[in-house]
Amino acid sequence: VIVLLGVFGGLLAFGFIGLFIGPTLLAVGYSLLLDWSRNAAQQPPQQ
Numbered sequence: 075v076i077v078l079l080g081v082f083g084g085l086l087a088f089g090f091i092g093l094f095i096g097p098t099l100l101a102v103g104y105s106l107l108l109d110w111s112r113n114a115a116q117q118p119p120q121q
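One point on numbering: in the working numbering, the residue at position 17 of the sequence shown is 91, and numbering is uninterrupted.
Below is the structure:
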């Protein structure tokens with residue numbers, strides 16, 4: 075479902091090339107968000 079949303083969003087934003095760019099940008103953004111949230115949870119609070 076998420077990839078399908080990326081395809082449609084990319085198609086609307088970038089046209090035909092958005093079929094490839096949309097899901098790619100969505101996957102990269104999702105990976106960065108997961109990595110950031112994992113690292114934030116592992117670091118102890120700074121004083």
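Using N, Cα and C, we set each Cβ at its ideal position, and we do this for glycine too. Computed from a predicted structure; not experimentally measured.
Item	Value
N-terminal and C-terminal residue of the alpha helix (DSSP H) that P97 is part of	G92 to Q116
Which of helix, strand or coil DSSP assigns to V77	helix
C-alpha gap between G83 and Q121, whole angstroms	42 angstroms
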